[in-house]
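The structure appears right after this line, and notes come after that.
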Amino acid sequence: MNLKKTLVSLPFVFAISSGVASSESQFENVKKAAEAGDAHAQYSLGADFYIPGEGGADKNYAEAKKWLEKSASQGVTDAYYPLGVLYSFGFGVEKDHKKAVEFYKKAGAARSGSAYFNLAETYRQGLLGEKDDKQAIKYYKLASAAGDRKASEMAGWYYENGTAVRQNYKTALSYYRNAAEANLPSSQAAIGRFYDDGLGVKENNKKALEWYQKAADNGDISSMTNAGAMYKEGEGTERNYSMAKRYLEKGVENGSPESMYNLAGLYINGLGVDKDLIKGSELYKESCDKGFQKGCSTVKELRSKGMYHAGSTKPANKPDSITMPQRLVAKSIESGINATFIWEGDNAVFEANDHKIDCTFMPNEYRKENQLATTFVCTENVQIILKNFKDTKNSYIAVMTDNFNKEVKTFSVNVYVSKG
70 MNLKKTLVSL PFVFAISSGV ASSESQFENV KKAAEAGDAH AQYSLGADFY
120 IPGEGGADKN YAEAKKWLEK SASQGVTDAY YPLGVLYSFG FGVEKDHKKA
170 VEFYKKAGAA RSGSAYFNLA ETYRQGLLGE KDDKQAIKYY KLASAAGDRK
220 ASEMAGWYYE NGTAVRQNYK TALSYYRNAA EANLPSSQAA IGRFYDDGLG
270 VKENNKKALE WYQKAADNGD ISSMTNAGAM YKEGEGTERN YSMAKRYLEK
320 GVENGSPESM YNLAGLYING LGVDKDLIKG SELYKESCDK GFQKGCSTVK
370 ELRSKGMYHA GSTKPANKPD SITMPQRLVA KSIESGINAT FIWEGDNAVF
420 EANDHKIDCT FMPNEYRKEN QLATTFVCTE NVQIILKNFK DTKNSYIAVM
470 TDNFNKEVKT FSVNVYVSKG
């Protein structure tokens, strides 16, 4: 049921501070220690205070660079990482990716793999010249081994797609699982996709749904669609239109055309919601406007059958003289046929041989063989076409099925207005 196989994002991210909490008093103490030659204090002064401009220190990249270089010269390997960041971004220095790479390589596994991650990004994006995916995956793997979960996600992507490595779904899944432990939604979505499609694991809709829900709850938009669609179709779970609506609405709120398409189906068919043909049509149209081809095909199909409508519940071809609570009644005038069609407002009831079905008015005109007709969608997969109802001498009803493709019965009717 995977509707959208979104690959994980490939970010260009360089962290520029260690994230250590600091205060003004700490700044003064660290500065004194750094000036006294303490190598670790020199590192902290540059990375924790001057780069972020926190703890009473003004942001000052030149001072950061000075103290980090002093720290690195005394053997603090971690100092090479923020130095690399300064050159990657051009903070306080001229941007120089070649020099940044030199510092990242010296930093090695510093900052739980952040230096390796930045090396991988530099090669992946071709910041030294041409892109080098072989070097990129090499450093993503090193970063992952050093504890960088985003690097695990990237390594998973490379193995899933067979980019610069032999495609291996089991290895990809292992990396995605590692990243998912940090609640990275793209990796959670990827695991759902693997269970959905049986990639590296036995296909399991129940597990797929569980992972899609985790990813959706963490903000992954494609998973909102997939979770909603699985609840809608009853895949991996009992059919639950309320849950389907919940996830699909989240997807719509985030601009997903696939969610719009699936939510439209709920409204068109009245599944877990009040049937709303206008809202359903509008959602199909919106999904089409966003480039979703299934939405465009559905809009085209509905229009070709006179079933598309949006924007207004007032029927263009309803006589102006008919106002609530008046009713339009079409009664069979053919012998042997006991059928009555009663239309009031936007709702109607068709009764034949003591059997009733409910119908909903469709505001668009439906033309077949150059005849103007008013259309209704009814329960039990029945459609009603009331043709030429303004001319009572030539009015008749066509009972249809299969989305107006199959005409089951047609009979003449007498049409009149009743006050109830």
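Each residue of the sequence shown is one higher than the one before, starting from 70 at the first, in this note's numbering. Beta carbons are placed, not taken as given, at the ideal position from N, Cα and C, and that holds for glycine.
Can you have a look at residue i and say buried or exposed, based on whether 16 or more other CB atoms are within 10 angstroms of its CB?
i	result
tyrosine 330	buried
serine 142	exposed
glutamate 449	exposed
valine 477	exposed
tyrosine 119	buried
aspartate 147	buried
histidine 492	The shown model of the chain, from 70 to 489, leaves out residue 492, and the question about it has no answer.
glutamine 282	buried
lysine 475	exposed
glycine 297	buried
glutamate 123	buried
glutamate 104	exposed
valine 484	buried
valine 322	Here residue 322 is glutamate; the residue named in the question, valine, does not match the sequence. Glutamate 322 comes out exposed.
serine 291	buried
alanine 126	buried
alanine 456	The identity of residue 456 in the sequence shown is lysine, whereas the question assumes alanine. By the neighbour-count rule (16 or more Cβ atoms within 10 Å), lysine 456 is buried.
lysine 210	buried
threonine 443	buried
DSSP three-state call for residue i: helix, strand or coil?
i	result
tyrosine 377	coil
arginine 372	helix
phenylalanine 430	strand
glycine 332	With the sequence shown as reference, residue 332 is identified as leucine, and glycine is not the correct amino acid for it. Helix, per DSSP.
alanine 408	strand
arginine 396	strand
asparagine 386	Any reading at asparagine 386 is ruled out, since the residue's pLDDT is 45, under 50, leaving its predicted position unreliable.
serine 325	coil
valine 234	coil
glycine 341	coil
alanine 105	coil
arginine 308	coil
aspartate 201	coil
arginine 436	With a pLDDT of only 48 at arginine 436, under the threshold of 50, the placement of this residue in the model should not be trusted, and no figure is reported.
glutamine 143	coil
isoleucine 120	coil
glutamine 194	coil
lysine 168	helix
glutamate 222	helix
alanine 133	helix
glycine 216	coil
glutamate 97	helix
tyrosine 209	helix
glycine 125	coil
glutamate 250	coil
glutamate 403	coil
leucine 268	coil
Look up residue i in the DSSP assignment and give the residues it is bridged to.
i	result
phenylalanine 361	Bridge partners of phenylalanine 361: none, in fact.
threonine 479	Ala467
glutamine 452	Val446, Met469
phenylalanine 419	Phe410, Ile426
serine 157	In DSSP, serine 157 forms no bridge with anything.
tyrosine 485	Val398
Residue i and residue j look like a contact to me (Cβ under 8 Å); what is the Cβ gap, rounded to whole Å?
i	j	result
lysine 134	valine 99	Contact doesn't hold; Cβ gap of about 17 Å is too wide.
alanine 108	glycine 144	7 Å
tyrosine 244	glycine 225	4 Å
glycine 341	lysine 319	Glycine 341 to lysine 319, Cβ: 15 Å. No contact.
valine 446	threonine 429	5 Å
glycine 364	cysteine 357	4 Å
lysine 271	threonine 306	Their Cβ separation, rounded to whole angstroms, is 18 Å, which puts lysine 271 and threonine 306 out of contact at 8 Å.
lysine 167	leucine 188	Wrong, their Cβ atoms sit about 12 Å apart, outside the cutoff.
glycine 115	serine 140	7 Å
valine 150	arginine 180	Here residue 150 is tyrosine; the residue named in the question, valine, does not match the sequence. Right, the Cβ-Cβ distance comes to about 5 Å (below 8 Å), so this counts as a contact.
lysine 239	glycine 269	4 Å
alanine 184	glycine 177	6 Å
serine 464	alanine 399	7 Å
alanine 284	glutamine 257	4 Å
phenylalanine 419	isoleucine 453	6 Å
When the Cα of residue i is compared with those of the options, which residue comes out closest?
i	options	result
asparagine 182	Arg235, Ala251, Lys219	Note that residue 182 is glycine in the sequence shown, not asparagine. The candidate whose alpha carbon is nearest that of glycine 182 is Lys219.
glutamate 413	Ile402, Ala103, Leu397	Leu397
lysine 369	Lys354, Val270, Asn252	Lys354
arginine 262	Ser481, Met299, Ser373	Met299
glycine 288	Gly303, Ser255, Ala333, Met312	Ser255
arginine 246	Ala233, Glu229, Val234, Gln236	Glu229
leucine 335	Val418, Pro326, Ser325, Leu352	Leu352
alanine 467	Asn422, Asp415, Ser401	Ser401
lysine 497	Pro326, Asn338, Tyr377, Ala333	With the chain represented from 70 up to 489, any question about residue 497 goes unanswered, as that position is not in the structure.
isoleucine 206	Met469, Tyr227, Glu222, Asn416	Tyr227
isoleucine 337	Asp286, Met431, Asn422	Met431
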